[in-house]
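**Q** In my numbering, the protein residues as written are 357 to 651. Just passing along the structure, written as structure tokens.
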Ligand SMILES: O=C(O)CCC(=O)C(=O)O
Ligand SMILES: [Fe+2]
């Protein structure tokens, strides 16, 4: 495994590097992270139930979910810590990626209290299997997924592996995962959407692109040949470090570490530096090349 090989290639603007699947790495946090009593308080919070993978924060309504609720004061403090993190991360990313900030939507922030090395999750939810991101509950509908992570563990690093970017993976595994456009897939997908809509009316409708990305996410996690033999680049993120990636392009897994903060953004295709290299466009080209109707 090569150490930080992807991060080391770095040429081009930050947006170009992200869109090509690089991880941008900052050994010292470029914006304020929780410190002192706030940090101690955060590290004491526990995940609420097995239904929650993380403790999450919605910056649009200030709601925190997925933690063991003890009293109103605790909820308020947690909300304030998340609010400060969301604002600080967003302000810094606005400086780093001004063009993105013209066309992004803030998604969720999260706190990750579990040790990743020993977590027991069903295969498709496992974080230690390499994948590109697609959120089942929050379809991106062709927007890109930008994420910033901070390791707030006072002592231990967080360990990631990354592999090939989406463009390469699509060429190698797109057909096998099931490109959009087959009548059967389309019919089943629409049936699935109808049923999903009955039970989860609040979940936005998934586009063909979302359905493919979810399929691809699962396909990669379950493909033993890719997981075992695919190229792997090791990233060691020490305490206090920050990293940024477009996780729908940069394939990744977390192997070890607990206590990370994260913020996600949906970036509109109109503000991308390399729109022709974005997953929705690459997918459309792959469909056209294989004689299918575009997604
Ligand atoms: O928590 C991490 O470091 C990354 C986990 C992951 O792959 C994800 O949340 O999509
Ligand atoms: Fe992921």
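Glycine included, each C-beta is placed from N, C-alpha and C at the ideal position.
Contact between the stretch 412-423 and the stretch 458-476 is defined here as three or more beta-carbon pairs at a separation below 8 Å; is this criterion met?
**A** Result yes; three or more Cβ-Cβ pairs closer than 8 Å.
**Q** Which stretch, first to last residue, makes up the alpha helix (DSSP H) that contains residue 436?
**A** Within the chain shown, residue 436 is the residue found at index 80, counting from 1. Residue 436 -> alpha helix (DSSP H) spans 428-452.
**Q** Please determine, among 603, 404, 440 and 433, the residue with the shortest C-alpha to C-alpha distance to residue 523.
**A** Mapped onto the chain shown, residue 523 falls at position 167. Comparing Cα positions, the closest option is 603.
**Q** When you measure from the CB of residue 619 to every non-hydrogen atom of ligand 2, does any distance come out below 7 Å?
**A** Position 263 of the chain shown, counted from the start, is the residue given in the question as residue 619. Flag unset: Cβ of residue 619 not near ligand 2.
**Q** How many Å lie between residue 633 and residue 443 at the Cα?
**A** As a first step, residue 633 must be located in the chain shown, where it is residue number 277. As a first step, residue 443 must be located in the chain shown, where it is residue number 87. Roughly 30 Å between the two C-alpha positions.
**Q** Excluding five sequence neighbours on each side, which residues of the same chain lie with their C-beta closer than 6 Å to the C-beta of residue 461?
**A** Within the chain shown, the letter at position 105 stands for residue 461. Contacts found: 622.
**Q** Cβ atoms of residue 596 and residue 384: under 8 Å apart, would you say?
**A** By 1-based counting over the chain shown, the position of residue 384 is 28. By 1-based counting over the chain shown, the position of residue 596 is 240. For residue 384 and residue 596, yes; Cβs fall inside 8 Å.
**Q** Roughly how many angstroms separate the alpha carbons of residue 574 and residue 507, rounded to a whole number?
**A** Sequence index remark: in the chain shown, residue 574 carries index 218 (1-based). Sequence index remark: in the chain shown, residue 507 carries index 151 (1-based). Taking the straight line joining both Cα atoms gives about 26 Å.
**Q** Should residue 601 go down as buried or exposed, given a rule of 16 or more other Cβ atoms within 10 Å for buried?
**A** Position 245 of the chain shown, counting from 1, holds the residue named residue 601. Looking at its Cβ environment, which holds 16 or more other Cβ atoms inside 10 Å, residue 601 is buried.
**Q** State whether the stretch 638-649 contacts the stretch 496-514, with contact taken as three or more CB pairs (one from each stretch) at a distance under 8 Å.
**A** no
**Q** Using a threshold of 7 Å, is the CB atom of residue 487 nearer than that to any non-hydrogen atom of ligand 2?
**A** As a first step, residue 487 is located in the chain shown; it is residue number 131 there, counting from the start. Result yes, Cβ under 7 Å from ligand 2.
**Q** Tell me where the beta strand (DSSP E) around residue 573 begins and ends.
**A** Here the question's residue 573 lines up with position 217 in the chain shown. From DSSP, residue 573 is part of no beta strand (DSSP E) but of the alpha helix (DSSP H) over 564-578.
**Q** Given this structure, state the Cα-to-Cα distance separating residue 543 from residue 607, to the nearest angstrom.
**A** On the chain shown, residue 543 is found 187 positions in, with the first residue counted as 1. On the chain shown, residue 607 is found 251 positions in, with the first residue counted as 1. Low confidence applies to residue 543: its pLDDT is 45, below 50, so where it sits in the model is not reliable, and the reading given next is rough at best. Here the alpha carbon of residue 543 sits roughly 29 Å from the alpha carbon of residue 607.
**Q** Just how far apart, CA to CA, sit residue 369 and residue 630?
**A** By 1-based counting over the chain shown, the position of residue 369 is 13. By 1-based counting over the chain shown, the position of residue 630 is 274. Between residue 369 and residue 630, the C-alpha separation is close to 11 Å.
**Q** Does the Cβ of residue 577 have 16 or more other Cβ atoms within 10 Å, making it buried, or fewer, making it exposed?
**A** Translated into the one-based positions of the chain shown, residue 577 becomes position 221. Flag for residue 577 reads buried.
**Q** Considering Cα atoms alone, identify which of 570, 380, 527 and 529 is closest to residue 453.
**A** In the chain shown, residue 453 corresponds to position 97, counting from 1. Nearest of 570, 380, 527 and 529 to residue 453, Cα basis: 380.
**Q** Provide the residue(s) that pair with residue 606 in DSSP beta bridges, ordered along the chain.
**A** Sequence index remark: in the chain shown, residue 606 carries index 250 (1-based). Note: residue 606 sits in a beta bridge opposite 521.
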